[in-house]
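So the sequence lines, in the order shown, correspond to chains R and F.
Residue numbers for the first sequence follow my numbering, beginning at 850 and rising by one.
Residue numbers for the second sequence follow my numbering, beginning at 115 and rising by one.
Glycine is no exception: its CB is placed at the ideal position from the N, C-alpha and C atoms.
Here is the structure we will look at.
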Amino acid sequence: MPTIAYSSPFVPAEWIASHGFEPRRLRGPNAPIDGPIDSRVGLCPYMRSFINEAGTLCDLAGIVFTTTCDQMRRAADIVDNLPCFTMNVPATWQNASSQELYIAELKRLGVFLETAGAKRPTETELVRTMLKYDEQRKTLRAARGWNDSVSSDQTRLALVGGPISGHDAVLFKTIERYGGRIELDGSETGERTLAAPFNRRRLRDNPLLELADAYFGTIPDAFRRPNSELYRWLATEIGQRSIEGVILIRYLWCDLWHAEAGRIREWLDVPMLDLELNAEDPVARLETKVQAFLEALR
Amino acid sequence: MPPKQIALEEWDRLYDQLKATGLSEPSYGGKISRHLTDGDLRLTKLRFDNSIAALNLWNFLLTEEERLANARAEGKKLVGTMKDLGTVPVLAYSLPDLVAFYPDGAWWIPCVMELSAGLLGIADSLGIDESFCPVRAMLGAFVTEAHFPLPDLLTCSVGATCDDFSAIAQRLNGLGNPILWWEIPHRRKPAENERAVVLPGGMTAPGIQVDFVESELERIKKALESLAGQPLSDDMLRDGIARANAIRQRLSELRSLVFKAPVCPLPALELLIAEMLALHYCSDRDASLQVISDLLIETRARVDQGEGFLDAEAARIFWVNPVADLRVMNLVEDCGARICGTEHLFTHALDEIPTDVPPMRALAQMALADPMVGTAADRADRICSDITEFGAEALVLSRIPGASHCALEGGAIADIVAARLDLPVIEIEVAPLNDAYWPSLGTGLRALVETIRQRRGK
Ligand code: SF4
Ligand code: SF4
């Protein structure tokens, strides 16, 4: 099945799947690879690894970029040898017109997919696909939920921030090795960005509206203006899971998360470690920081 | 007086002579050097145009803070308009007793005050370090309240803006400053069956995007009306647009004269300052028009008499992006070049606002014409057509340190321009203060001038 690659959590996988394509949310390869975007000062290494990885997919039918950050938006400009679609995801969200724009963009994405060979889904097909994805997210939530089995000598941590690439996923092991345990994954690739459960009645009445609501209407993120919902979400989740420390994950040159570091630190009642990843150096470089942070928390 | 670039002390002497012969000045007049007491230390390193029109331009620019304070004292409401560069001020100035200004202007404070204001240190302490562009100085300016009064209403355009500004504005908001956010989406080309709208500058956008921006501007309009305590009618807004266009027309004529004259009639530095006035009129729309009109008269007279700077052989350079260090504009002439075309991120604030559509629609079209909300290819198209119009022989892409758009966009623009026009292109980085890198900046520019000369010989 042809693949549509994307990275932003604001791209609904079920919308792509209902068109008959395989949605593949890339999070960057396990090792740096070359591709259309070279490495240079000022470029977000995560964005680079996402595009270069997409370029290696042999069954690629297209890449979906979003406007949620300047770097992704501009990268879409210069990838000229692959079919790309840039989806406008509004930063503002407090007005109905923002959601209307998001829905219009979903429709435009549908047209892009049809141009790439997809078949427009019937409403029944869309609903069926949405229900399937909703179930999968439910299972995921249940598996990731609060866990009684944390041993008392493990420190309960929350991750918050941008995505974690395949290359940097070793961070989870590093944290465990020094006695930490991720109780809340608020990174972009974690539970923070799961779409909200669908309301079954609204789903049947107007599936596209419900899809927009579950994604655009609920995912808290640093790029939103204002981004107060991110803090509301963090307050609830950190409180419910008795978090003792927070690790902020951000990529080099990622302004959106970098600018939040100071505010999150001031706002938290628990200590915070600010970790800058570059998707190319081994995370080992950060190991002493993680170790020192966890020792200080004990 | 033959045109000449003179240092600050020379301007003081010239000022005394002019005064002795009965110079009449606007209310903001005086010696330029008096602004040193405000901490504007960079002035001692600049060379200024020796015309009275330039004297007024500098004094007008450097007294904005006083104007804002006076406006507040007179009971006027202050609107801080962030990021949109040229749109919201047209709305605000269409209402009586509203004065709009750009807190973004703090971008230049680290240069003008030679880092003595400590604004970057404050931004650092708030976690906004040098990986962000110089606009981070704005955070420090809000914290110290020493460079502009806190506005009664603060607006910020987001969506297809740079991450630097969006992130810094959010930090400002997190510090307790309420912000009215409004959205400009990423401009795209209309699809085949989509309603297309031609924007100022000639680009097109889908009608649905213009509709959306218009609805966003309606929200801003309501907030301004409530601040002003009165509705903004279409007639008032049409008048506001006509006045904005009057400034834009004069500026357009000024740019055209400066870029096309056989001998450069106005230095790059003064032209850059004049272009800035189109954004928000330096907090006084009528005075702004006067300042630009006087500059235009002076420039026209110089062109008529064949007077100017350098000679007709000067290398003709097109300059992209504003320089964080104003002194670099002087360096251009030192290296034997003149500016023949600029694209300082705000061509939409220079092009005339349409008058053949309802006024809110016209503003929406203008906002969507912002070069920063579209693609690098769109930006390059405009640059190419302006290079052709103004006869530039080379392109300088001036990188802004930390700016999220520069890393990818610079290369993309350079490739398009070089391929389409077969021109030499260089990229340089200009920090707020470049004294330590002066020799290398100069070497790069001189090498470009040399290349231009060699190409002429072929
Ligand atoms: S990590 Fe930051 S800069 Fe990089 S793609 Fe994500 S939001 Fe953009
Ligand atoms: S200089 Fe560039 S990065 Fe900085 S605020 Fe302006 S547009 Fe944004």
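Where A1007 (chain R) is concerned, the enclosing beta strand (DSSP E) starts and stops at T1004 to G1010. The way I'd put it, the segment 1099-1109 of chain R does touch the segment 1006-1021 of chain R; three or more beta-carbon pairs between them come closer than 8 Å.
For G1111 (chain R), the chain F residues whose Cβ falls inside 9 Å of its Cβ are S239, L240, G241, I242, R285 and G288, in order along the chain.
Here V544 (chain F) carries a coil assignment [DSSP, helix/strand/coil]. Residue nearest to P263 (chain F) within the set F:N184, F:L199, F:A337 and F:C270 is F:N184 (criterion: CA-CA distance). Of the candidates F:A545, F:L445, F:V434 and F:T502, F:V434 places its Cα closest to the Cα of A528 (chain F).
Selection around ligand 2 by beta-carbon proximity, strictly under 6 Å to any non-hydrogen atom, yields F:C247, F:V249, F:C276, F:D278, F:F279, F:L459, F:M486, F:I514, F:A517, F:S518 and F:H519 in chain order.
Taking the Cβ of Y855 (chain R) as the reference point, every heavy atom of ligand 1 lies at 6 Å or farther away. Annotation for Q920 (chain R) indicates a beta carbon within 6 Å of some heavy atom of ligand 1. Cβ-Cβ distances below 6 Å link T158 (chain F) to L122 in the same chain, with the five nearest sequence neighbours on each side left out; the list follows chain order. Around the beta carbon of G315 (chain F), 16 or more other beta carbons lie within 10 angstroms, which makes this residue buried.
In the three-state scheme derived from DSSP, where H, G and I count as helix and E and B as strand, C907 (chain R) is classed as coil. Residues of the segment 916-941 of chain R with a C-beta less than 7 Å from any C-beta of chain F: T916, C918, D919, Q920, R922, R923, A924, D926, I927, T935, N937, P939, A940 and T941, listed in chain order. Taking a C-beta cut-off of 7 Å against chain R, the contacting residues of the segment 498-523 of chain F are S518, H519, C520, A521, L522 and E523, listed in chain order. Just so you know, the alpha carbons of R957 (chain R) and C378 (chain F) end up roughly 49 Å apart. For Q920 (chain R), same chain residues with a beta-carbon under 6 Å away, outside a window of 5 residues either side, are C893 and M896 in chain order. Closer than 9 Å at the C-beta level to chain F, one finds these residues of the segment 1092-1105 of chain R: L1101, W1102, C1103, D1104 and L1105. Judged by DSSP in its simplified three-state form, W552 (chain F) adopts helix. At a cut-off of 7 Å between beta carbons, V531 (chain F) makes no contact with chain R. Counting only the Cα atoms, D1017 (chain R) lies some 17 Å from D883 (chain R). Residue range A429 to V434 is occupied by the beta strand (DSSP E) that includes R430 (chain F).
For I1098 (chain R), the secondary structure class from DSSP, reduced to helix, strand or coil, is strand.
Using a Cβ-Cβ cut-off of 7 Å, P299 (chain F) counts as an interface residue toward chain R, since at least one Cβ of chain R sits closer than that to its own. Using beta-carbon distances, S946 (chain R) counts as an interface residue toward chain F, with a partner under 7 Å. For A463 (chain F), same chain residues with a beta-carbon under 6 Å away, outside a window of 5 residues either side, are L199, G200, A392 and L393 in chain order. By the Cβ-count criterion, A1084 (chain R) is exposed, with fewer than 16 other Cβ atoms from all chains shown falling within 10 Å of its own Cβ. Going by beta carbons, F870 (chain R) and A945 (chain R) fall outside the 7 Å limit. The Cβ neighbour count for P861 (chain R), taken over all protein chains shown within 10 Å, is at least 16; the residue is labelled buried. Between ligand 1 and M896 (chain R), a heavy atom-to-CB distance of less than 6 Å is present.
F162 (chain F) carries a strand assignment under DSSP once its states are collapsed to helix, strand and coil.
Per DSSP, the continuous alpha helix (DSSP H) segment holding E179 (chain F) begins and ends at E178 to A187.
For D130 (chain F), the secondary structure class from DSSP, reduced to helix, strand or coil, is helix. Within 10 angstroms of the beta-carbon of V531 (chain F) lie 16 or more other beta-carbons, which makes it buried. Counting only residues of its own chain and dropping the five nearest sequence neighbours on each side, S165 (chain F) has a CB closer than 6 Å to the CB of E412.
In the displayed model, L440 (chain F) falls within coil according to three-state DSSP, outside both helix and strand. For R1074 (chain R), the nearest beta carbon of chain F is closer than 7 Å to its own beta carbon.
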